Amino acid sequence: MKLGLCAYSGYKIYPGHGKTLVKVDGKSFTFINSKCESSFKMRRNPRKVTWTVLYRRKQKKGQEEEATRKRTRRTHKFQRAIVGASINDILAKRNVKPEIRKAQREQAIKAAKEQKRAQKEAKKPPPPTKGKAKPKQAKQPKQPKVAAGKQRVAVKR
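Numbering-wise (the UniProt record's numbering), the sequence shown opens with residue 1 and increments by one.
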């Protein structure tokens, strides 16, 4: 069941009701009753006639019920444990004084530097002994270049 709208008042028109006016230019207007039709023919502005939907919309009448918005939920922040650390551990780390935190950082940096230095020393090759030196390899003679004009080309058989 398709409901139409009155071209003047904006009211719903149920099937089998109303009257349709078709102008010479081909535009069609449907009216719910003769009151709307005569007002349209008299060129009354529906925005100035108090009982029409257009007037009520313009004057913002009866919109209190429609405008009730849903309240949005505010996001709440929760403290939760992370894998490998309980809430108590996290809170304890957060509440540590800055001086202590700075000292811990310096200590960690010092330990990392020591470890790096130890690794460098382990990688250093031992100093060379003044014993037998390795014999140098004899240089191989260079091969002659191929003449530029006689380059080999692949042939398909």
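Yeah, the Cβ is synthetic: ideal placement off N, Cα and C, and Gly gets one too. Just so it is clear, the structure is predicted and the values come from calculations on it, not from any experiment.
Could you check whether S9 and T20 sit closer than 8 angstroms to each other, using their CB atoms as the reference points? Within the sequence shown, residue 20 is the residue found at index 20, counting from 1. Within the sequence shown, residue 9 is the residue found at index 9, counting from 1. No, they are not a contact pair.
Coil, strand or helix - K19 by DSSP: Working through the sequence shown from its first residue, we reach residue 19 at position 19. Note: K19 maps to strand in three-state DSSP.
If you draw a straight line from the C-alpha of residue 184 to the C-alpha of R47, how long is it? Within the shown structure, residues of the chain are numbered from 1 to 157, placing residue 184 beyond reach of any answer.
Three-state secondary structure (DSSP) at K142? Taking the sequence shown and counting its residues from 1, the one referred to as residue 142 is at position 142. Note: K142 maps to coil in three-state DSSP.
Who are the near neighbours of L3 in its chain, counting only those whose CB is closer than 7 angstroms to its CB and skipping five residues on each side? Position 3 of the sequence shown holds residue 3. Sequence-distant partners of L3 (beyond 5 residues in either direction) whose C-beta falls short of 7 angstroms from its own C-beta, in its chain, are K12, I13 and Y14.
As a quick exercise: from F40, T72 and Q59, pick the residue whose alpha carbon is nearest that of K23. Against the sequence shown, residue 23 aligns to sequence position 23. Of F40, T72 and Q59, the residue nearest in Cα terms is F40.
Buried or exposed for E64, please, with buried defined as at least 16 other CB atoms from any protein chain shown within 10 angstroms of its CB. Stepping through the sequence shown from its first residue, residue 64 is reached at position 64. Here E64 is exposed. Its C-beta has fewer than 16 other C-beta atoms within 10 Å.
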